[in-house]
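Those sequence lines, one after another, are chains H and X.
Per this note's numbering, the first sequence starts with residue 1, numbered consecutively.
Per this note's numbering, the second sequence starts with residue 1001, numbered consecutively.
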Amino acid sequence: MNALLRLASVETKLFFREKQAVFWTFLFPVLMIWLFGAMFGNQKIEGFSYSDAYIPSWVAVQLLTTSLFTLGTTLTGYRESGVLRRFQATPLRPWVVLMAHIAYGLIVFIMSAAVVFIFGTLAFHLNAPKHLTSTIVAVALSVCALFPFGLLLTSLARNTRTAAAVSSLLLNLMLFLSGATFPLAFMPKFLQGVARALPLYYVIDLLRQTWNVSPITSHMTDVAVLAGLCLVSSVLAARFFRWSSEV
Amino acid sequence: MDMAIVVNDLRKSYKSKEAVKGVSFRVARGEIFGIVGPNGAGKTTTLEILEGLRERSAGEVSVLGFDPKKDGRSLRQRIGIQFQSTSIQERLKVSEALDLFASFYERKGDRAALIETLGLGQYMNSQFSKLSGGWKQRLTLALAALHAPDILFLDEPSTGLDPQARRDIWALIQQFRTQGMTVVLTTHYMEEAERLCDRVAMFREGAIAALDTPKRLVSQFAAPKCLTFTSAEADLSVISALPSVERAHRDGDAVWVYAPDLQEISRHLFAVAHERHWTMEAFRFEVGSLDDLFVNLSLEGETA
């Protein structure tokens, strides 16, 4: 337990030591919300105001980028530079390393979500979530689904470059196809079908709905998909965890 | 004697080649045991099998009574490991690294004494990436010894260090031994093996070519059979004709004389030099070293 807490707190400290990474992690969502606000700020999107539709979805995107880049990049880098190998030489268990990274990712995510929330409230009159408990549960479930998913991808990637390429591809795909940036209603039927194959679609839907419309119990499809993803990617992430990059 | 490590007929094969081919040895508690040999001789593979980081293909291994294959995690509570080139998180400070690694172990060593011994105090607030090679090596040594392990495994502990830093590391390793630790180390430097190790196993092509104390290895395999001096006048034909001289050769003014009894041949040489008015300088017996043995064994390996 002590090892888990130490490792999580060390990783969080190290994250804040990379000033540039911190700057972009927190500034990027704010910039995007502002940019899209300039485009769609006065429109109704699927019946919601701009901020009510987009801020929950940017929280979701933030969750994905934390998972793929903050967590993924750190862990792949550690595997490549031999940090994980050094851990392997201690009694440390793989799941402790994974859990510590999830805890550290959670801290970074909560802070960036807070930034997004405050910016949305101040600049775009964001309404507070209608079903707060549901929204919190939805966020927690999404964390459980997306973080192990990110860790799994980095376990499968051979090196940092592959991991970065795969992560960028997934992020861009989901950014544009799961309703985070462009409303799905604008898209042809075929792409709407593709959207439903992407995990982020369910995260965004669940967050938007619990934030603006109805409690989580009315969205059991989203819940089921995310719980399934959580289960599968957790098992696989633990199964395919590798200490070093040599085969 | 109380054994820290017992290895019997250890084998490791990869898809296409056999990296370790039936290695057996024992290491007593409190011993500094050296593994030397050229690259690719199976040193690191053997070490990693003992540490439980790599699975063996066959043979028996017992480290502190544990089978590393089955009880790797319990074993690693009681051993300390330093890799050839260790990396920890670049921006981690020395004090944070010590705290972090201490949290991985049940047993706590004397942290303050360790910092004092290694002289790390002045760098407690420095980030790992800012340390020089020697200080990185000291820190990783500290991380390996932090939990007062029973056995310390060091893979080329002084590679890439300047001579002073290397001597410092040797002194530290000897100090760990006086605290009761058993030390197993691999090295390329024969000087390191001679100065530091109680016994040395010479690995060649996945097998042990020789195993003994450095002194006995040298006297067995690399005993001095040669003396050397410089002289402008010395005549090789005269020297070769002296009793029991096996051969003699020269390179410029330097002369080498090979004979089974060097003291006997020296007497003859000085007598001849006196008669013929040769000036002899820098006269000495060539002292055999593990280096010679190492080169001999490596060459044998190539021709075999």
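Heads up, the beta-carbon is just placed ideally off N, CA and C, and yes, glycines get one too.
Distance from the Cα of H/L170 is smallest, within the candidate group H/F186, H/L153, H/S142, for H/L153. Straight through space, the alpha carbons of X/M1190 and X/R1111 are spaced by roughly 32 Å. Only those residues of the stretch 1097-1126 of chain X whose C-beta falls short of 9 Å from the nearest C-beta of chain H are listed: A1097, D1099, L1100, F1101, A1102, S1103, F1104, Y1105, E1106. It is roughly 17 Å from the alpha-carbon of H/S112 to the alpha-carbon of H/C144. Going by beta carbons, H/V194 and H/L177 fall inside the 8 Å limit. Scanning chain H for C-beta atoms nearer than 9 Å to the C-beta of X/T1044 yields nothing, as the closest lies near 12 Å away. Under a criterion of Cβ atoms nearer than 9 Å, no residue of chain X is adjacent to H/R242; the nearest Cβ is some 13 Å distant.
Assignment of beta-bridge partners to X/Y1258 by DSSP yields X/C1226, X/R1247. H/T76 counts as buried, since no fewer than 16 other beta carbons sit within 10 angstroms of its beta carbon.
Ranking X/D1261, X/S1237, X/S1244 by CA distance to the CA of X/R1250 puts X/S1237 first. Given a length threshold of 4 residues, each whole run of the alpha helix (DSSP H) inside the stretch 1107-1167 of chain X is given here in chain order: 1111-1118, 1133-1145. Excluding sequence positions up to five before and after H/G150, its CB lies within less than 6 Å of the CB of S67, L68, L71, G72, all in the same chain and listed in chain order.
Not a single C-beta of chain H is nearer than 8 Å to the C-beta of X/S1095.
The DSSP-derived three-state label of X/F1066 is strand. In the same chain as H/Y78, and ignoring 5 residues on each side of it, the C-beta atoms closer than 6 Å to its own belong to L84, in chain order. Rounded to the nearest whole angstrom, the CA to CA distance from X/G1080 to H/A180 is 49 Å.
Taken through DSSP and simplified to helix, strand or coil, X/Q1089 comes out as coil. Our two residues, H/T210 and H/A237, have alpha carbons roughly 29 Å apart in a direct line.
For a Cβ distance threshold of 8 Å, residue set Q88, A89 of chain H lies close to X/L1053, ordered along the chain. When C-beta distances to chain X are compared with 7 Å, the residues of the stretch 2-15 of chain H below that value are N2, A3, R6, L7, V10, L14, in chain order.
Residues of chain X with a Cβ closer than 9 Å to the Cβ of H/G82 are, in chain order, F1083, S1085, T1086, S1087, I1088. Contacts with chain X at 8 Å (Cβ-Cβ) do not include H/L177. Only exposed fits X/G1180, as fewer than 16 other CB atoms lie within 10 angstroms of its CB.
With three or more CB-CB distances shorter than 8 Å, the stretch 216-232 of chain H counts as touching the stretch 119-139 of chain H. Assigned with DSSP and collapsed to three states, H/R93 falls in coil, not helix or strand. Contact note: H/L92 reaches chain X through F1104, using a C-beta cutoff of 8 Å and chain order. In the same chain as H/A163, and ignoring 5 residues on each side of it, the C-beta atoms closer than 8 Å to its own belong to G72, T73, T76, L153, T154, A157, in chain order. Taking 8 Å as the cut-off, the Cβ atoms of X/L1152 and X/G1034 do not count as close. Of the other Cβ atoms in all chains shown, fewer than 16 fall within 10 Å of the Cβ of X/N1039; this residue is therefore exposed. Under the Cβ distance rule, H/R17 counts among the residues neighbouring chain X, one pair being separated by less than 8 Å. Within the stretch 1054-1083 of chain X, the residues whose Cβ lies closer than 8 Å to any Cβ of chain H are, in chain order, R1073, S1074, R1076, Q1077, I1081, F1083. Per DSSP, reduced to three states, the secondary structure at X/R1267 is helical. For X/L1154, no CB of chain H lies under 8 Å from its own CB, so it is not counted at the interface with that chain. Apart from the 5 residues on each side of it in sequence, X/T1140 sits with its Cβ closer than 6 Å to the Cβ of Q1082, T1086 in its chain, given in chain order. Proximity of H/R85 to chain X, defined by a Cβ-Cβ separation below 8 Å, is satisfied. Partner residues in the beta bridge of X/I1035, as assigned by DSSP, are X/T1186, X/A1201.
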